[in-house]
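First the structure, in the form of structure tokens, and then the observations on it.
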Amino acid sequence: MTPSLRHPAGAGLGLRLGMLGELLVDGQPRLPPEIGFFEIAPENWMGMGGARGRSLRVLTERHTFVGHGLALDLAGYAPLDTAHLYAIRRFLDEHGIGLYTEHLSYTRDDGHLHELLPVPRTEEAVRHVAARIRIAQDVLGQRIGIENASTYVGTPLDEMTEDDFVVAVTEEAGCDLHLDVNNVYVNGVNHGHDPQAWIDHVADSIPGRVVYLHIAGHRRLAEDFIVDTHGEPVADPVWALLDHTYTRLGVRPTLLERDYEIPPLAELLPELRHIEALQVRHAGGA
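Here the sequence shown is numbered in numbering that gives the first Met the number 0, starting from 0 and rising by one per residue.
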């Protein structure tokens, strides 16, 4: 029987294979209370069998998961891989995953590039990307969230600011926004704009479309250059920007991204508690 779809709340963490030993005891989940939900990339788990596949099933039967895709190539020009989309739909349905998001970027050019590349911000690109998102949503049978990407260079074709572009695509496609707070801060430093103003524009334009947040660590290589690494603790200015985001948008389910240099689970829990404390305060619970 297909499980009912579940949607996230609270603070979450990306599930990694290396965490299974800490999360399951004698085949049963033993989750710290700080973890309100998990995020997984379907591409990394689809078709997985054996003990790992059974472990994932045990977790998804009892806990809420978000799907976050890696390879839809929403901004690309190669035809969308509908077979891949249908495989994702089956995976989401099988595991009761009610929220699926993808990157607002392109990933293929005669093959997978294994990078998330920025999109030229033009009116034509808005129409092109939105049309592809609508196709993806039709195949998946649900609205998806698009995630704003971190970028390090602009393009000479840009006709609008990043926040204008994200708002325009979201409205044109009829999709939701997966707002990466760290990426907003990284791009603000790298391109010289105000991250709070970016958040304010989204809050003023499409507040009801923001369904999910990411927060992560980064590495500052120069005063005006930051790399989005997901390998360090969250920096103080990003915590402050998350606080501002909750002020403008209200509390949203928020994932702590840690993809590299992943410490033992116990060392990530204080950051999850920090997210939860901000959420409680903004929800009027403290």
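For glycine and all other residues, C-beta sits at the position ideal for the given N, C-alpha and C.
Fill in: Host alpha helix (DSSP H) of LEU267 (start-end)
264 to 281
Worksheet item: Going along the chain, which residues of its own chain have a beta-carbon closer than 7 Å to the beta-carbon of MET18, five neighbours each way excluded?
Response: LEU264
Practice prompt. Run the CB neighbour count on ASN181, radius 10 Å, all protein chains shown included, and call it buried at 16 or more, exposed below.
Written response: buried
Item to complete: Measure how close the beta-carbons of LEU240 and ALA10 come, nearest whole angstrom, since I'm counting them as under 8 Å.
Response: At roughly 16 Å, the Cβ-Cβ gap does not stay under 8 Å, so LEU240 and ALA10 are not in contact.
Practice prompt. With DSSP collapsed to three states, give me the class of ASP137.
Written response: helix
Fill in: Counted within 10 angstroms of its Cβ, other Cβ atoms place HIS6 as buried (16 or more) or exposed
exposed
Item to complete: Taking all protein chains shown into account, decide if GLN278 is buried (16 or more other Cβ within 10 angstroms of its Cβ) or exposed.
Response: buried
Fill in: For THR286, the three-state DSSP class (helix, strand or coil)
Because the chain is modelled from 0 through 285, residue 286 falls outside the range shown and cannot be assessed.
Worksheet item: Is VAL125 closer than 7 Å to ALA167 when the C-beta atoms are compared?
Response: yes
Practice prompt. Report buried or exposed for ARG208, applying the criterion of at least 16 other Cβ atoms within 10 angstroms of its Cβ.
Written response: buried
Discussion item. With H, G and I counted as helix, E and B as strand and the rest as coil, what does DSSP make of LEU73?
Written reply: coil
Worksheet entry | Local conformation of ALA172 per DSSP, three classes | helix
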